[in-house]
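> Starting off with a structure, shown below.
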Amino acid sequence: MTKWAGVFPAVTTKMTESGAVDIDATQRSIERLVANGVSGVIVLPMLGENASLSMAERESVIRGAVEVVGGRVPVLSGLAEVTLEAAQANAARYQGFGAEGLMVFPSIAYKSDPRETAEWYRRVAQASPLPIMIYNNPIAYGVDVTPEVLAMLSDVEEIVCVKEESGDIRRVTDIAVAVGDRYSVFCGVDDVIVESMALGVTGWVSGMTNVWPAECVEIFNLCKEEKFAKARELYRILTPALHLDTHVKLVQYIKLAENLVYGAPEWPRAPRLPLIGTERDFVVETVRGAIRGLEHYRAA
Numbered sequence: 001m002t003k004w005a006g007v008f009p010a011v012t013t014k015m016t017e018s019g020a021v022d023i024d025a026t027q028r029s030i031e032r033l034v035a036n037g038v039s040g041v042i043v044l045p046m047l048g049e050n051a052s053l054s055m056a057e058r059e060s061v062i063r064g065a066v067e068v069v070g071g072r073v074p075v076l077s078g079l080a081e082v083t084l085e086a087a088q089a090n091a092a093r094y095q096g097f098g099a100e101g102l103m104v105f106p107s108i109a110y111k112s113d114p115r116e117t118a119e120w121y122r123r124v125a126q127a128s129p130l131p132i133m134i135y136n137n138p139i140a141y142g143v144d145v146t147p148e149v150l151a152m153l154s155d156v157e158e159i160v161c162v163k164e165e166s167g168d169i170r171r172v173t174d175i176a177v178a179v180g181d182r183y184s185v186f187c188g189v190d191d192v193i194v195e196s197m198a199l200g201v202t203g204w205v206s207g208m209t210n211v212w213p214a215e216c217v218e219i220f221n222l223c224k225e226e227k228f229a230k231a232r233e234l235y236r237i238l239t240p241a242l243h244l245d246t247h248v249k250l251v252q253y254i255k256l257a258e259n260l261v262y263g264a265p266e267w268p269r270a271p272r273l274p275l276i277g278t279e280r281d282f283v284v285e286t287v288r289g290a291i292r293g294l295e296h297y298r299a300a
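Its first residue numbered 1, the sequence shown is counted upward by one per residue in the UniProt record's numbering.
This is the structure:
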């Protein structure tokens, strides 16, 4: 059974100012992530504006990621659909594009109950042999893949991992109590990674790793080695910036942060618009504060 672990950034899809997908810029950003030590990459997550892309664009992003990664780390694709039929069809389709795993959302148009949620994941898993990471974000989608639902799915071999983004730090332990180590559990919220590592998660699906990959990998590795005091020092420097991953406009926030730190294009696709005014100023100052803090940290 596949066992994913480590830092898996949820990759932003780079756009031109006119809103076209910029594959070259996306590939450059992925190369930067891999060069800085991430253990996998996830393209077409919510942060990658999955729902705003055509199928041809999704194909180009997956194939582009597979090409630039060149087998060095696993390439997963987000799978976010309204209907079961579309989810099943695209699970098979994304496999054909070269994806090595899927991060599967619940139906994004319906707040399913536990029985319906379990059946959704069971039937998506039947459509492709690719290993699946369950995407659990009840705050955004209104569907909670609880420990009880995970127990219902424990016989589905293709489901190997859960991205836990409920925001409830107790959930990590509740999953362990309910199903033991049946699944790899990944922290899915940037600003609770140290807390989650202390409770036993084995991976991190991260947004701000797009901005600071080396530093996020360092935090993860320090926690893995149980050097929590050292991890806290770096974590506290980055925490105000990590909070940007929890906002409704996290796509724009993180893309702007990428632009400020390493010059990546900040443009989102409509209906999202670039940040302006005080909101933009807030993100700029937050990122600059982290940059200053990191300079002092490295100089110490």
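The beta carbon of each residue, even a glycine, is placed where N, CA and C say it ideally should be. Nothing here was measured: the structure is a model prediction, and the numbers come from that model.
Distance, Cα to Cα, Glu59 vs Ala229?
43 angstroms
> Tell me which same chain residues have a C-beta within less than 7 angstroms of the C-beta of Tyr253, skipping the five on either side of it?
Leu244, His247 and Val283
> Who pairs with Ile132 in a beta bridge, going by DSSP?
Leu102 and Ile159
> Here's the rule: buried if 16 or more other CB atoms are within 10 angstroms of the residue's CB, otherwise exposed. What is Met55?
Exposed, since its Cβ has fewer than 16 Cβ neighbours within 10 Å.
> Please confirm whether Val73 and Gly40 have their CB atoms less than 8 angstroms apart.
yes
> Can you confirm whether the segment 30–38 touches the segment 84–102 when touching is taken to mean that 3 or more C-beta pairs between the two stretches lie within less than 8 angstroms?
no
> Leu53 and Thr83 - do their beta-carbons sit closer together than 8 angstroms?
Not in contact: Thr83 and Leu53 (Cβ atoms no closer than 8 angstroms).
> Which residues in the same chain have their Cβ closer than 8 angstroms to the Cβ of Tyr297, if we skip the five residues on either side of it in sequence?
Glu233, Leu234 and Ile237
> Let's test the definition: count the other Cβ atoms within 10 Å of the Cβ of Ser154 and tell me whether it reaches 16, buried, or not, exposed.
exposed
> CB Tyr121 to CB Ile134, shorter than 8 angstroms?
yes
> Determine the direct distance from the alpha carbon of Ala151 to that of Val179, and round the result to whole angstroms.
Between the alpha carbons of Val179 and Ala151 lies a gap of roughly 6 angstroms.
> For the putative contact between Ile42 and Val205, defined by C-beta atoms under 8 angstroms, what is the C-beta separation to the nearest angstrom?
Between Val205 and Ile42 the Cβ distance is about 6 angstroms, and since that is below 8 angstroms, they are a contact.
> According to DSSP, is Pro45 helix, strand or coil?
Under the three-state reduction of DSSP output, Pro45 falls in the coil class, being neither helix nor strand.
> Per DSSP, Leu79 forms a beta bridge with which residues?
Answer is Val104, bridged to Leu79.
> Of all the options Ala87, Pro106 and Gly64, which has the alpha carbon lying nearest to the alpha carbon of Lys163?
Pro106
> Compute the Euclidean distance between the alpha carbons of Glu279 and Ile291, then round it to the nearest angstrom.
19 angstroms
> Decide if Asp181 is buried, meaning its Cβ has at least 16 other Cβ atoms within 10 Å, or exposed.
exposed
> Run through DSSP, which three-state label would Met152 get?
helix
> Buried or exposed: Pro45, going by 16 or more other Cβ atoms within 10 Å of its Cβ?
buried
> Evaluate Arg269 with the Cβ neighbour count: other Cβ atoms within 10 Å of its Cβ, from every protein chain shown; 16 or more gives buried, anything less gives exposed.
buried
> What separation, rounded to the nearest whole angstrom, lies between the Cα atoms of Val7 and Val189?
12 angstroms
> DSSP state of Gly40, grouped into three classes?
Here Gly40 sits in coil by DSSP.
> Assuming Ala127 contacts Ala91 under a Cβ cut-off of 8 angstroms, what Cβ separation, rounded to an integer in Å, is found between them?
4 angstroms
> Can you list, in chain order, the residues of its chain with a C-beta nearer than 7 angstroms to that of Glu31? Leave out the 5 residues immediately preceding and following it.
For Glu31, where only same-chain residues beyond five positions count, the Cβ hits under 7 angstroms are Val68.
> Rounded to the nearest angstrom, how far is the Cβ of Pro265 from that of Thr16, given a contact under 8 angstroms?
7 angstroms
> Are the Cβ atoms of Asn210 and Ser29 separated by less than 8 angstroms?
Result yes, Cβ atoms of Asn210 and Ser29 sit closer than 8 angstroms.
> With C-beta atoms as the reference, is Ala241 less than 8 angstroms away from Thr286?
yes
> Alpha carbons only, please: which of Cys161, Pro131, Ser166 and Val124 is nearest the one belonging to Ala140?
Ser166
> In chain order, which continuous runs of the alpha helix (DSSP H) of length 4 or greater are located wholly inside the segment 204–245?
213–224 and 228–242
> Which residues does DSSP pair with Val145 in a beta bridge?
Answer is none; Val145 lacks a bridge partner.
> Under the rule that 16 or more other beta-carbon atoms within 10 Å means buried, what is Ile276, buried or exposed?
exposed
> Using a threshold of 8 angstroms, state whether the C-beta atoms of Cys223 and Met197 are closer than that.
Cβ distance < 8 angstroms, so Cys223 and Met197 count as in contact.
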